[in-house]
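According to UniProt numbering, the sequence shown is numbered sequentially starting from 1.
Beneath this line is the structure, given in structure tokens, with notes to follow.
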Amino acid sequence: MTALEHDDSPVYLKLRATIAAAILRGEYRAGDQLPSVRALAAEHGANPLTVAKAYQSFQDDDYVEVRRGVGMFVLPGAVERLRVAERERFLKGHWPRVREHIALLGLDVRELLDSELA
């Protein structure tokens, strides 16, 4: 599971998070072709329709384009725009829960950042 995923998320969102993390890590750059729906489904043991739904969300957000008969490709500027969107999603959706958990456990944020666990 990547840092962008959650156990309670629908499968297509988990797949979306996996793809987003790969794009943000530079595994797929502007102009690169993403794996086919069938290939990604086989790799993750997912239903191809679920993978297609994850890919559709990237297309809806203009991070990728479909070239009919060829495949799906990362668009120029997608990495930067995806990073901004994922930061926003983290700060609004994930960080408040993380912060609350840190406080609940009585952890010191500075110590966490300085620890070997970070």
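A virtual CB, placed ideally from N, CA and C, is assigned to each residue, including glycine.
All figures in this text were calculated on a predicted structure; none of them were measured in a lab.
Proximity to residue i [Cα-Cα], best of the options
| i | options | result |
| --- | --- | --- |
| proline 76 | Gly69, Leu104, Arg68, Asp61 | Asp61 |
| glycine 31 | Leu40, Arg16, Ala41, Val64 | Val64 |
| alanine 52 | Glu116, Leu113, Arg97, Leu15 | Leu15 |
| tyrosine 46 | Thr18, Gly69, Glu86 | Here residue 46 is alanine; the residue named in the question, tyrosine, does not match the sequence. Among Thr18, Gly69, Glu86, the Cα nearest to that of alanine 46 belongs to Thr18. |
| aspartate 8 | Leu112, Ser115, His94 | His94 |
Nearest-angstrom beta carbon gap, residue j and residue i [assumed within contact, 8 Å]
| i | j | result |
| --- | --- | --- |
| glycine 37 | tyrosine 55 | Note that residue 37 corresponds to valine in the displayed sequence, not to glycine. That pair is a contact at about 6 Å. |
| arginine 67 | phenylalanine 73 | 6 Å |
| glycine 71 | leucine 13 | Rounded, the Cβ-Cβ distance is 22 Å, inconsistent with contact. |
| alanine 22 | tyrosine 28 | 6 Å |
Contact check, residue i vs residue j, beta carbons under 8 Å
| i | j | result |
| --- | --- | --- |
| arginine 83 | leucine 24 | yes |
| threonine 50 | valine 109 | no |
Segments of 4+ residues assigned as alpha helix (DSSP H) that fall wholly inside the UniProt domain "HTH gntR-type" (9 to 77)
11 to 24, 37 to 44, 48 to 60
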